[in-house]
Amino acid sequence: MDIKPTIIRQNVFDMQVCVPKEYTDEQIKEFAETLNPCGASSGWFIRKDKKLLNGDKERCPCDNNKNLIHVALDA
92 MDIKPTIIRQ NVFDMQVCVP KEYTDEQIKE FAETLNPCGA SSGWFIRKDK KLLNGDKERC
152 PCDNNKNLIH VALDA
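With our numbering, letter number 5 in the sequence shown gets 96, and the count goes up by one each step, no holes.
Here's what the structure looks like:
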């Protein structure tokens, strides 16, 4: 089975991606920036603030594939 990263939610200031669990933070940001350029000079960054994550982990397992994770990013 081919595992491809995808954007699962996309807004102006935030997005969520589903990526292989082996991806580094840099690979996640690069994927997000390539498919959906942020437009800000700093680009996308991974959401790490526990309040903004609403109790979720920074890297949540994907319900559909154990080899994928979901990650929220902010502009």
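For every residue, glycine included, the Cβ atom is placed at its ideal position computed from N, Cα and C. Keep in mind it's a predicted model, so treat the numbers as computed, not measured.
Using the Cα positions of residue i and residue j, report the straight-line distance between them to the nearest angstrom.
i           : j           : result
residue 165 : residue 157 : 24 Å
residue 120 : residue 135 : 6 Å
residue 112 : residue 161 : 9 Å
So, helix, strand or coil for residue i, using DSSP?
i           : result
residue 115 : coil
residue 126 : helix
Does the beta-carbon of residue i have 16 or more other beta-carbons within 10 angstroms, so that it is buried, or is it exposed?
i           : result
residue 139 : exposed
residue 131 : exposed
residue 103 : exposed
When you compare the CB positions of residue i and residue j, do they come within less than 8 Å of one another, or not?
i           : j           : result
residue 107 : residue 94  : no
residue 163 : residue 144 : yes
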